[in-house]
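Here the UniProt record's numbering is used: the first residue of the sequence shown is 1, the next is one more, and so on.
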Amino acid sequence: MDKADAARFAGRRRAERAERGEADSFSAIVRSTHLPMIVTDPRRHDNPIVFANPAFLRMTGYERYEVTGRNCRFLQGPGTCPDAVARVREAIRAEQAIAIDLLNYRKDGSTFHNALHLNPVHAETGELQFFFAAQLDVTERYRLVREREAANTALHDALAVQTTLVHEIDHRVKNNLQMIAAMIVLQSQRIDDPATRASMMETLQRVEALSTVHRRLHQSESASRVDVAGLVRDLVADMIGASGRSDIRVALDLAPVLVHAEKSVALALLFNEIVTNILKHAFPAGRPGTIAIRVGLAEDLRIVVEDDGVGMPPADEPKGSFGQALMRTLARQLGARLAVESGPRSGTRVVVAMPASVGLPAPVDAPAG
């Protein structure tokens, strides 16, 4: 600002404040503040800077004589966003206030992010007198944002790698389980005792249930969660198919619920034992029937399996059988309450109630049973 401009600007401000009976403290405040500020005169050609406080000069690296009389666009450079510049120009044309971030350039060519707050100053008559611009170097904020974005990207990449590795492990475990299942089948063919062979077939079903869990984990987008509905659907289809019982119908009512992967193995094995018992006891001598399965998540995660078969197992069923012991152990692992009772229309009803924290609501677009 040359002496004539400074005198006009200060005189104008003093005159306005004198009319209102106010002290002329504007210049002292603007000069002493650490917030960079400039004043431009839109009544002069190209709306030049007519005042720049020391904080603005320190931020940009220019001397006062180098900025006075120039339009603020000298702070712009090849990296400045054209759309942001256009918005500032439109605000000036419309005599409106604007707050916007701009990439600006210092005298030495280095860049900084400038949080610009531009306001028009009108006389009481409504005539536009000046534009007053307060500015703030927010480069550090942008640096922190970039670092956080880079950290998030690195974390996402690391999780993607980890998920790929876990999927590969699940795939290999599934293949190994299939090999174990094949060996059980071959071994069972060499056994003449029906009870021993039946026991090995039950073991085979448990191995296949584990294989189904790892297949689900391998196919899922997340290696940390398993869709209960899909797991139940696969397990019951495999078990009914392996039984050769085309006369048994399955009715599914499966809400979309996810469980943590570490719970999925115990859940699959428990479900396998429940359905195995139904197939073994509920429909003897070719008796047809229906198995109804419901999965829901409310106060707790609940799986209900019902059949319309002959009812509870006979009283002489071994109380200490391996299957029953396994079910109790799996229920404890899941923190579940296990109830076996007579169904409402004969048959048997098995309820597995787990803490709600075990399950997570699946996305709304997840397939339901």
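We put the beta carbon where it would ideally sit given N, CA and C, even for glycine.
- Cβ neighbours of L330 in the same chain (closer than 7 Å, five flanking residues each side left out): Translated into the one-based positions of the sequence shown, residue 330 becomes position 330. A266, L269 and L270, listed in sequence order.
- Between V304 and the rest of its own chain, which residues show a CB-CB distance below 6 Å, the 5 nearest in sequence each way excluded? In the sequence shown, the residue the question calls residue 304 occupies position 304. Same-chain partners within the cutoff: R294 and V351.
- Message: Between the alpha carbons of H45 and V121, how many angstroms are there, rounded?
- Response: The residue given as residue 45 occupies position 45 in the sequence shown. The residue given as residue 121 occupies position 121 in the sequence shown. Straight-line Cα distance between these residues: approximately 17 Å.
- Message: Would A198 pass as an interface residue toward chain B - the criterion being a Cβ-Cβ separation below 7 Å?
- Response: No chain B appears in the structure shown, which is made up of a single protein chain.
- Message: Looking only at its chain, what residues have a beta carbon closer than 8 Å to the beta carbon of V207, apart from the 5 residues adjacent to it on each side?
- Response: Position 207 of the sequence shown, counted from the first residue, corresponds to residue 207. Excluding sequence neighbours, V207 sits near L177, I180, A181 and I184.
- Message: By the DSSP assignment, the alpha helix (DSSP H) with V88 in it spans what residues?
- Response: Counting from one through the sequence shown, the residue named residue 88 turns up at place 88. P82 to R93 is the span of the alpha helix (DSSP H), which, as asked, contains V88.
- Query: Would P355 pass as a contact of G323 if the rule is Cβ separation under 7 Å?
  - Reply: In the sequence shown, counting from the first residue as 1, residue 355 sits at position 355. In the sequence shown, counting from the first residue as 1, residue 323 sits at position 323. Contact: no.
- Message: Could you give the first and the last residue of the continuous beta strand (DSSP E) run that contains D227?
- Response: Reading the sequence shown from its first residue, position 227 is the one you call residue 227. For D227, the enclosing beta strand (DSSP E) stretches over residues R225 to D227.
- Message: Below 8 Å on the Cβ atoms is my contact criterion, and I expect A353 with R337 to pass it. Report the Cβ-Cβ distance as a whole number of Å.
- Response: Translated into positions along the sequence shown, residue 353 becomes position 353. Translated into positions along the sequence shown, residue 337 becomes position 337. The pair is a contact, with the Cβ atoms about 5 Å apart (cut-off 8 Å).
- Query: Under the three-state reduction of DSSP, which class applies to L118: helix, strand or coil?
  - Reply: The residue labelled residue 118 in the question sits at position 118 within the sequence shown. Strand, per DSSP.
- Query: Going by C-alpha distance, which of A198, P42 and T290 is nearest F131?
  - Reply: In the sequence shown, residue 131 corresponds to position 131, counting from 1. Nearest C-alpha to F131: P42.
- Query: If we count the other Cβ atoms within 10 Å of its Cβ and call it buried at 16 or more, is Y65 buried or exposed?
  - Reply: Counted from its first residue, the sequence shown places residue 65 at position 65. By the 10 Å Cβ count, Y65 comes out exposed.
- Query: Between D300 and T276, what straight-line distance do the alpha-carbon atoms span, to the nearest angstrom?
  - Reply: On the sequence shown, residue 300 is found 300 positions in, with the first residue counted as 1. On the sequence shown, residue 276 is found 276 positions in, with the first residue counted as 1. Rounded to the nearest angstrom, the two C-alpha atoms are 24 Å apart.
- Query: Where do the ends of the beta strand (DSSP E) carrying T125 lie?
  - Reply: On the sequence shown, residue 125 is found 125 positions in, with the first residue counted as 1. From DSSP, T125 is part of no beta strand (DSSP E); its letter is neither H nor E.
- Of the residues F283, C81, V259 and A133, which one's Cα is nearest the Cα of residue 371? The question about residue 371 has no answer here: the residues shown for the chain are numbered 1 through 369.
- Contact belief for R225 with L254 at Cβ below 8 Å, rounded distance in angstroms: Walking along the sequence shown from the start, residue 225 turns up at place 225. Walking along the sequence shown from the start, residue 254 turns up at place 254. Wrong, their Cβ atoms sit about 16 Å apart, outside the cutoff.
- Item | Chain-order list of residues whose beta-carbon lies under 6 Å from that of G241 (same chain, five-residue window excluded) | Indexing the sequence shown from 1 puts residue 241 at position 241. Closer than 6 Å at the Cβ level, and outside the excluded window around G241, lies no residue.
- Item | C-beta atoms of D227 and L258 nearer than 7 Å | Here residue 227 refers to the residue found at position 227 of the sequence shown. Here residue 258 refers to the residue found at position 258 of the sequence shown. Their beta carbons are under 7 Å apart, which means D227 touches L258 by this criterion.
- Skipping 5 residues on each side, what residues in its chain have a beta carbon closer than 6 Å to that of residue 374? Given a span of 1 to 369 for the chain in the structure shown, any question on residue 374 remains unanswerable.
- Item | Contact check, M59 vs D137, beta carbons under 7 Å | Residue numbering aside, residue 59 sits at position 59 when the sequence shown is read from its first letter. Residue numbering aside, residue 137 sits at position 137 when the sequence shown is read from its first letter. Cβ distance < 7 Å, so M59 and D137 count as in contact.
- Message: Only counting the same chain, and skipping five residues up and downstream in sequence, which positions put a Cβ closer than 7 Å to that of I100?
- Response: Reading the sequence shown from its first residue, position 100 is the one you call residue 100. If the five residues before and after I100 are omitted, its C-beta is found closer than 7 Å to the C-beta atoms of A84, R87, V88 and L116, all from its own chain and listed in chain order.
- Classify H260 as helix, strand or coil using the three-state DSSP reduction. Within the sequence shown, numbered from 1, the residue matching residue 260 stands at position 260. Note: H260 maps to strand in three-state DSSP.
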